[in-house]
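Student:
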Ligand code: NAP
Ligand code: ZN
Ligand code: ZN
């Protein structure tokens, strides 16, 4: 089906259309350039194929990656762009070969909609590292339309069953939506680096990712320390599960934790001093970056040499682990702390996130787009 002519028109006022022959017309909000605010836009999605699930989107979380992408801060954005990869909704139709979903089910889509399915990473269930080409939920090459994928700031999505997640029915759907990125991105490294009983784990930054990092580290039984730049977040940090909260701008408070951490999970989206946190790791301790500041962050060799510290990164999680995370949240009743917004408030929400002013994830009520 590749090679359909894709037509993208950018008209004034943020209104336009990206369509291809045979696709369904879907309302969305898009960025048309790195400097334009998001506005109404019409996209096409394919009619469900044999293995596809069609989802009426109820809620979509707002990730800081959406801002990096909408504003081309990482340098590989393509326009028009419809962000959104924390997608939760109700199944409306399924293709004839779909076995795990039926109309009426609650279903979710995270950061991935496809991959090669045969490379070593895919076989291991780590499709996010697919060497044959993972297809990300937006700004990725759409195998079906021949254009780019469009994300969850939209009425509906059509996704292969293999990349569609089941959401435990006891979870509040609006508060579960951000688990699809903020949840798995923190769950996966905390599991991999063994956050648990007897371990001292730091989480840097109390935003969307950070607040889930604190909840999971605590749920796994680790002694959990939150590092924040915001004095106003101390009480919330404790309420969310931190045993201790450190204001990272206070050098004396930082020094008290010197060489004591097994692991530090860094969720910061902007320039900051990594060395200040590396110095808090003990022998063989690991700092894991999940935050993705657009500019390089300098690291002194001496921050790593002694006492033999590790600096690593982690990218979301595979489909199998994302389902495991959702099931864990269902069993332990873990959900996100959110502020519900209308689609039309998205540009204001971006500005508030840039001021670290969100408690702790914006979630779009997609009824506002449909009405
Ligand atoms: P967010 O909600 O905006 O939270 C980021 C937090 O970082 C802020 O709340 C703030 O916490 C802290 N912060 C911001 N600017 C800072 C600065 N200049 N110095 C120190 N701290 C600062 O963002 P998010 O959605 O959690 O995303 C965080 C980052 O992770 C983004 O770069 C995003 O692209 C990336 N990300 C990566 C993955 C992955 O797979 N690796 C997945 C999703 C997102 P305090 O107020 O507590 O200091
Ligand atoms: Zn994200
Ligand atoms: Zn692959």
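Residue numbers (our numbering): 12 to 382.
Yeah, the Cβ is synthetic: ideal placement off N, Cα and C, and Gly gets one too.
Do you know offhand how far residue 341's Cα is from residue 179's?
Tutor: The sequence position of residue 341 within the chain shown is 330, counting from 1. The sequence position of residue 179 within the chain shown is 168, counting from 1. Roughly 5 Å separates the two Cα atoms.
Student: Pair every Cβ in the stretch 326-343 with every Cβ in the stretch 188-196, then say whether three or more of these pairs are closer than 8 Å.
Tutor: yes
Student: Leaving out five residues on either side along the sequence, give the residues of the same chain with a beta carbon under 8 Å from the beta carbon of residue 382.
Tutor: The sequence position of residue 382 within the chain shown is 371, counting from 1. Counting only Cβ-Cβ distances below 8 Å, and skipping sequence neighbours, we find nothing.
Student: CA-CA distance, residue 177 and residue 148?
Tutor: Locating residue 177 in the chain shown gives position 166, counting from the first residue. Locating residue 148 in the chain shown gives position 137, counting from the first residue. The alpha-carbon atoms of residue 177 and residue 148 are separated by roughly 17 Å.
Student: Between residue 42 and residue 90, which are expected to be in contact by the criterion C-beta below 8 Å, what is the C-beta distance as a whole number of angstroms?
Tutor: For this step, residue 42 is matched to residue 31 along the chain shown. For this step, residue 90 is matched to residue 79 along the chain shown. Correct: roughly 6 Å between the Cβ atoms.
Student: Considering only the beta carbon of each residue, do residue 212 and residue 172 sit closer than 7 Å?
Tutor: As a working mapping, residue 212 is identified with position 201 in the chain shown. As a working mapping, residue 172 is identified with position 161 in the chain shown. The Cβ atoms of residue 212 and residue 172 lie no closer than 7 Å to each other.
Student: Where does residue 103 fall in DSSP's three states?
Tutor: On the chain shown, position 92 is the one that residue 103 refers to. The answer is strand: DSSP assigns residue 103 an E or B state.
Student: Is it the case that the CB of residue 79 approaches a heavy atom of ligand 1 more closely than 6 Å?
Tutor: The count along the chain shown starts at 1 and reaches residue 79 at position 68. At least one heavy atom of ligand 1 is nearer than 6 Å to the Cβ of residue 79, so yes.
Student: Specify the secondary structure class of residue 215 as computed by DSSP and reduced to three states.
Tutor: On the chain shown, residue 215 is found 204 positions in, with the first residue counted as 1. Reduced to three states, the DSSP call for residue 215 is strand.
Student: Per DSSP, what are the beta-bridge partners of residue 71 in this structure?
Tutor: The count along the chain shown starts at 1 and reaches residue 71 at position 60. BP columns for residue 71 point to 98 and 375.
Student: What first and last residue would you give for the beta strand (DSSP E) that runs through residue 353?
Tutor: Counted from its first residue, the chain shown places residue 353 at position 342. 349-353 is the extent of the beta strand (DSSP E) around residue 353.
Student: Please tell me whether, using a cut-off of 6 Å, the distance from the CB of residue 244 to the nearest non-hydrogen atom of ligand 5 is below it.
Tutor: No copy of ligand 5 appears in this structure; the ligands present are ligand 1, ligand 2 and ligand 3.
Student: Could you tell me if the beta carbon of residue 219 falls within a distance shorter than 6 Å of some heavy atom in ligand 3?
Tutor: Within the chain shown, the letter at position 208 stands for residue 219. Answer for residue 219: no, Cβ out of range of ligand 3.
Student: Identify, in the order they occur along the chain, each residue of the same chain with its Cβ nearer than 6 Å to the Cβ of residue 24, setting aside the five sequence neighbours on each side.
Tutor: On the chain shown, position 13 is the one that residue 24 refers to. For residue 24, the pLDDT reaches just 36, beneath the cut-off of 50, and the residue's location in the model is therefore unreliable, although a value from the coordinates is still provided. Closer than 6 Å at Cβ, skipping near neighbours: no residue.
Student: Unbroken beta strand (DSSP E) runs of length 3 or more, entirely within the stretch 178-249: which are they?
Tutor: 211-215 and 234-239
Student: Below 8 Å, can you find three or more Cβ-Cβ pairs linking the stretch 297-305 to the stretch 227-242?
Tutor: no
Student: Check whether the Cβ of residue 192 sits closer than 6 Å to any heavy atom of ligand 2, and report yes or no.
Tutor: Position 181 of the chain shown, counting from 1, holds the residue named residue 192. Yes, the beta carbon of residue 192 sits closer than 6 Å to at least one heavy atom of ligand 2.
Student: Counting only runs of 4+ residues fully inside the stretch 271-332, write out the alpha helix (DSSP H) ranges in chain order.
Tutor: 285-289 and 312-316
Student: Would you mind working out which of 79, 284 and 170 sits nearest residue 60, comparing C-alpha positions?
Tutor: Your numbering for residue 60 matches position 49 in the chain shown. Cα-wise, what sits closest to residue 60 is 170.
Student: Who are the near neighbours of residue 210 in its chain, counting only those whose CB is closer than 6 Å to its CB and skipping five residues on each side?
Tutor: If you number the chain shown from 1, residue 210 lands on position 199. Excluding sequence neighbours, residue 210 sits near 233 and 273.
Student: Count the other CB atoms, across all protein chains shown, that sit within 10 Å of the CB of residue 65; report buried if there are 16 or more and exposed otherwise.
Tutor: Taking the chain shown and counting its residues from 1, the one referred to as residue 65 is at position 54. Its Cβ being crowded by 16 or more others within 10 Å, residue 65 is buried.
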